[in-house]
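Structure first, then comments.
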Amino acid sequence: MAFWNKGESGPSEDQVLGVLKKVLDPDLRKDIVTLGFIRNLKIENGNVKFDLNLTTPACPVKDQMRDQAVALIKGVPGVSSVDVNMTAEVRQSPQSDKTSLKGVRNIIAVGSGKGGVGKSTIAVNIAASLGAAGARVGLLDADIYGPTTPIMLGTDAAPQSNGSRIVPSRAAGLKFMSMGLIAKADQPLIWRGPMATKALQQCLFDVDWGELDYLVIDLPPGTGDVHLTLAQSIPLTGAVIVSTPQDVGWRISMKTLRMFQQTRVPILGIVENMSYYICPHCNEKDYIFGQSGGSRAADQLGIPFLGEVPLDIAIRSQSDAGSPLVLHQPNSPSAKVLREIAEKVAAQVSIRSFEAPVLEVE
Amino acid sequence: MPLDPTASMPVKIKKVSPAELMIVWKDGHESHYPSPVLRRECPCASCRDEMTGARILLPMHVPDNLEMRGVHIVGQYALQFDWADGHHTGIFSFDLLRALCPCSYCRTQ
Ligand SMILES: Nc1ncnc2c1ncn2[C@@H]1O[C@H](COP(=O)(O)OP(=O)(O)OP(=O)(O)O)[C@@H](O)[C@H]1O
Ligand SMILES: [Mg+2]
Ligand SMILES: [Zn+2]
Ligand SMILES: [Zn+2]
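First to last, the sequence lines map onto chains L and F. Counted the way the numbering used here counts, the first sequence spans residues 1 to 362. Counted the way the numbering used here counts, the second sequence spans residues 1 to 109.
If you want it as structure tokens, here you go:
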């Protein structure tokens with residue numbers, strides 16, 4: 001390439017790629033050229049144009065990487081302007097079973113030690129944030145006994161089927177399926193065998209999920225049949241653990257953590273929900289239950305800490321109204337916190353998809 | 001318990017023949033399992049007492065020529081086998097498989 005540019009004043013492709021090699025993806029710890037993020041590079045009359053193809057549209061550092069790339073290219077002699085087109089292609093996490101869920105690239109379970117800590121709230125807002133960022137997202141409510149997710153999404157229609165496959169509902173920009181709603185639909189086909197196990201497997205394998213970048217699974221609290229079935233049935237990309245500062249020293253979540261570790265499900269990180277209260281009058285943060293317990297626990301366990309979500313009436317009222325806060329009030333401080341958590345989850349997923357070994361039986 | 005936490009991470013799993021499974025581990029160790037040896041160690045509730053760990057299936061119940069028909073990966077932590085005697089309910093975690101390595105080095109550890 002450089003050869004053809006000899007004698008011309010314009011910068012060469014090698015020069016441009018050379019400086020772009022200085023831009024590192026902080027999560028994947030490699031430069032964006034080596035990672036194959038640079039696509040469709042065109043250099044014409046001093047204008048440098050390319051696609052920066054990231055591993056997720058919800059990349060937390062995409063602006064930073066773009067700005068750094070632009071600044072570096074502008075320093076190359078002969079460059080007059082730079083156009084970067086930001087694109088994203090969520091990579092497939094290694095799947096040993098290529099037949100089931102084959103269009104689904106990453107599967108993220110959201111669990112907790114005890115009930116009522118805000119798992120469903122966090123799962124719905126993570127899923128909706130990833131969807132709003134431009135990813136194709138599905139949400140599976142795997143709690144048969146207390147399905148709240150349909151309320152949070154404002155949809156409780158019984159699922160339809162198209163021949164042998166169940167068609168997921170659509171809400172909040174997501175494909176959505178609830179084990180509870182399948183129960184309501186009361187289709188005899190679905191309720192054979194051990195109930196929870198069978199229902200979960202149907203939600204995974206008999207639902208026409210199509211092409212998805214992320215499938216988020218809202219688990220029931222604690223550990224049980226559903227968790228084990230999930231860990232045994234599919235290679236999960238990873239799990240997010242939701243906890244609250246009141247879970248004394250995180251003891252309650254430890255059992256859930258250990259269950260995931262025993263089944264080798266990578267822990268994507270811990271979210272601390274209802275960490276602090278924002279005074280509606282002065283916007284002051286009040287850490288009612290003490291500060292930074294969650295991040296300290298995550299540090300000790302060597303697990304990423306994904307963030308602290310405030311106790312905010314708007315989070316709850318938006319859930320009750322069937323429209324996730326991140327979509328309905330995207331500029332509110334709590335929506336921003338939830339969005340950042342979703343971005344960190346997406347970043348952890350990208351890391352896992354690059355690192356995880358593909359297991360196959362030869 | 002292996003000292004190295006990556007020791008029980010397989011990098012290669014191969015059904016060499018109906019009589020033998022091979023696993024190469026992340027630390028480089030290579031394990032070769034004769035089918036009947038694995039079948040005798042089945043950890044499922046009908047082969048071993050869940051509470052005491054005592055054997056329900058006795059080694060002599062498994063013929064030395066028992067064959068392995070299929071091998072499946074369970075999630076990302078275990079293997080499941082279809083045995084010629086029709087049994088298939090045992091889930092062999094990678095930790096268990098590493099501990100069961102029949103090589104003379106592992107047997108003397
Ligand atoms: N950060 C928050 N601020 C205010 N209210 C919240 C917050 N997080 C959750 N809630 C509310 O707390 C209640 C419990 O939340 P949620 O249903 O998400 O918990 P869960 O862990 O899924 O519960 P379960 O164990 O029953 O599935 C809901 O009414 C929800 O709106
Ligand atoms: Mg819930
Ligand atoms: Zn058995
Ligand atoms: Zn050995």
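We put the beta carbon where it would ideally sit given N, CA and C, even for glycine. This one's a predicted model, so the numbers in the text were calculated from it and none came from an experiment.
With respect to the 9 Å criterion, ALA231 (chain L) and VAL265 (chain L) are classified as neighbours on the basis of their beta carbons. Within chain L, LEU359 have C-beta atoms less than 7 Å from the C-beta of PRO10 (chain F), given in sequence order. Closest by C-alpha distance to VAL71 (chain F), out of F:MET22, F:LEU58, F:SER8, F:ALA7, is F:MET22. Counting along the chain, the unbroken beta strand (DSSP E) around MET68 (chain F) starts and ends at 68-74. Distance from the CA of TYR277 (chain L) to the CA of SER332 (chain L), rounded to the nearest whole angstrom, comes to 14 Å.
With respect to the C-alpha of ALA54 (chain F), the residue from F:ASP64, F:CYS42, F:PRO10 having the closest C-alpha is F:CYS42.
Distances from the alpha-carbon of SER80 (chain L) to those of L:ALA298, L:ASN47, L:ILE241 put L:ASN47 closest.
Taken in chain order, the whole beta strand (DSSP E) runs of length 3 or more contained in the segment 110-165 of chain L are 137-141, 160-162.
Along the segment 224-250 of chain L, the positions whose C-beta sits under 9 Å from a C-beta of chain F are LEU230, ALA231, GLN232, SER233, ILE234, PRO235, LEU236, read in chain order. The count of Cβ pairs closer than 8 Å, one atom from the segment 338-352 of chain L and one from the segment 126-136 of chain L, reaches three, so the stretches are in contact. A distance below 6 Å between beta-carbons, with the five flanking residues on each side excluded, links SER161 (chain L) to no residue of its chain.
Residue state for GLU340 (chain L) is assigned as helix, using DSSP reduced to three classes. If you check the CB distance, GLU360 (chain L) and ILE13 (chain F) come in under 9 Å. For GLY36 (chain L), the closest of L:GLU44, L:ILE43, L:VAL23, L:ASN45 by C-alpha to C-alpha distance is L:VAL23. Contact between LEU268 (chain L) and ASP218 (chain L) is absent: CB atoms are separated by about 15 Å, not below the 8 Å threshold. Sorted by chain position, residues whose beta-carbon lies closer than 5 Å to a non-hydrogen atom of ligand 3 are F:CYS42, F:CYS44, F:CYS47, F:GLY90. Selection F:ILE73, F:ILE56, F:ALA19 evaluated against PHE94 (chain F) yields F:ILE73 as nearest (Cα-Cα).
Beta-carbon to beta-carbon, PHE305 (chain L) and ALA298 (chain L) are separated by about 4 Å, close enough to satisfy the 8 Å threshold. DSSP places ARG296 (chain L) within a helical segment (H, G or I) once states are collapsed to three. Set against 8 Å, the gap from the CB of THR263 (chain L) to the closest heavy atom of ligand 2 is not smaller. If you ignore the 5 residues before and after HIS87 (chain F), its C-beta comes within less than 6 Å of no other C-beta in its own chain. Here LEU58 (chain F) is exposed, its C-beta having fewer than 16 other C-beta atoms within 10 Å. At least one beta carbon of chain F lies nearer than 9 Å to the beta carbon of GLN262 (chain L).
As the crow flies, the alpha-carbon of ASP85 (chain F) is around 33 Å from that of THR223 (chain L). One finds GLN232 in chain L with Cβ atoms closer than 7 Å to the Cβ of VAL74 (chain F), taken in chain order.
Rounded to whole angstroms, the gap between the alpha carbons of LEU41 (chain L) and SER120 (chain L) is 43 Å. The residues PRO150, LEU181, in chain order, have a CB closer than 7 Å to that of ASP156 (chain L) in the same chain once the five nearest residues on each side in sequence are set aside. Here the distance from the Cβ of SER8 (chain F) to the nearest heavy atom of ligand 4 is not below 8 Å. PHE50 (chain L) is a Cβ neighbour of VAL84 (chain L), given a cutoff of 9 Å. With a contact defined as Cβ atoms closer than 8 Å, THR237 (chain L) and SER353 (chain L) qualify at about 7 Å. Under the DSSP assignment, TYR277 (chain L) falls in the beta strand (DSSP E) whose first and last residues are 267-278.
Annotation: MET152 (chain L) to PRO63 (chain F) spans about 57 Å, alpha carbon to alpha carbon. Beta bridge pairing from DSSP links ILE351 (chain L) with no other residue.
Taking 9 Å as the cut-off, the Cβ atoms of CYS59 (chain L) and ALA346 (chain L) count as close.
The residues PRO2, ALA7, SER8, TRP25, in chain order, have a CB closer than 7 Å to that of ARG98 (chain F) in the same chain once the five nearest residues on each side in sequence are set aside.
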